[in-house]
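Report on the following structure.
Residue numbers (the working numbering): 47 to 238.
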């Protein structure tokens with residue numbers, strides 16, 4: 047069995063008596079509809095000090111920011127905060143002043159807000175491979191916001207361990223790293 051249940055992975059592991067070092071964090075994103083001031087040929091732009099970012103999105107733009115929030119329980123429906131668009135746009139305006147012009151034309155119909163949850167580990171790296179406590183149980187979880195990009199390769203690692211092509215000893219993402227004290231958590235948190 048492989049636990050790959052996103053924010054619910056900790057709960058699923060709890061069904062067999064395991065406690066995993068996971069934090070569930072809400073993340074929000076704003077899509078701003080078409081506006082002539084948003085350059086469609088611009089690259090994704092990220093503020094390293096704050097983590098706020100924007101990128102072109104089908105005539106408009108996508109804006110996100112990992113605003114500081116306390117970990118929460120996993121939710122089926124993650125509520126969005128309608129104050130977030132104003133806060134996030136103010137932050138990305140420091141990177142790209144054209145957003146101040148866009149704000150003057152915004153209407154409720156041109157702002158689309160969504161929220162989801164990231165499953166984070168103490169070192170912001172996934173947990174891949176066998177459970178040290180339950181035979182036949184494997185993990186593929188805790189991507190800390192990089193699941194869309196990293197989960198395909200992470201799945202290949204897990205399959206390689208299930209089929210015996212890779213050992214957990216050769217696995218930098220093993221759950222055992224936490225017990226061995228191999229987790230290094232930087233003072234500067236990874237911004238996602």
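For each residue, glycine too, the CB sits at the ideal point set by N, CA and C.
Reduced DSSP category for residue 133 - H, G, I as helix; E, B as strand; rest coil: As a position in the chain shown, residue 133 is number 87, starting the count at 1. Residue 133: helix per DSSP, three-state reduction.
Residue burial classification, residue 123 (beta-carbon count within 10 angstroms, cutoff 16): Within the chain shown, numbered from 1, the residue matching residue 123 stands at position 77. Taking a 10 Å sphere around the C-beta of residue 123, we find fewer than 16 other C-beta atoms and assign the residue as exposed.
Inter-residue CB distance, residue 183 and residue 177 (contact presumed, cutoff 8 angstroms): Indexing the chain shown from 1 puts residue 183 at position 137. Indexing the chain shown from 1 puts residue 177 at position 131. With a Cβ gap of about 4 angstroms, residue 183 and residue 177 count as contacting.
Best match in 117, 79, 131 for proximity to residue 99 [C-alpha to C-alpha]: Here residue 99 corresponds to residue number 53 of the chain shown, with the count starting at 1. Minimum Cα distance to residue 99 is reached at 131.
Cβ-based burial, residue 70 [other Cβ within 10 Å; buried from 16]: Within the chain shown, residue 70 is the residue found at index 24, counting from 1. Buried: at least 16 other Cβ atoms inside 10 Å.
Collapsed DSSP secondary structure at residue 191 in the structure displayed: By 1-based counting over the chain shown, the position of residue 191 is 145. Residue state, collapsed to three classes: coil.
Proximity test, residue 144 beta-carbon vs the ligand PLP heavy atom, cut-off 7 angstroms: No copy of the ligand PLP appears in this structure; indeed no ligand is present at all.
Chain B contact for residue 194 (CB, 8 angstroms cutoff): Of the protein chains in this structure there is only one, and it is not chain B.
Reference residue 141; option with closest CA among 162, 121, 91: The residue you call residue 141 lines up with position 95 of the chain shown. Minimum Cα distance to residue 141 is reached at 91.
Residues sharing a beta bridge with residue 54, DSSP: For the purposes of this step, residue 54 is taken as the residue at position 8 of the chain shown. None; residue 54 has no bridge partner.
Proximity of residue 80 and residue 120 at Cβ, strictly below 8 angstroms: Taking the first residue of the chain shown as position 1, residue 80 is located at position 34. Taking the first residue of the chain shown as position 1, residue 120 is located at position 74. With respect to the 8 angstroms criterion, residue 80 and residue 120 are not classified as neighbours on the basis of their beta carbons.
Straight-line gap, residue 65 to residue 102 (C-alpha atoms, nearest Å): Position 19 of the chain shown holds residue 65. Position 56 of the chain shown holds residue 102. Each residue's Cα considered, the two are about 40 angstroms apart.
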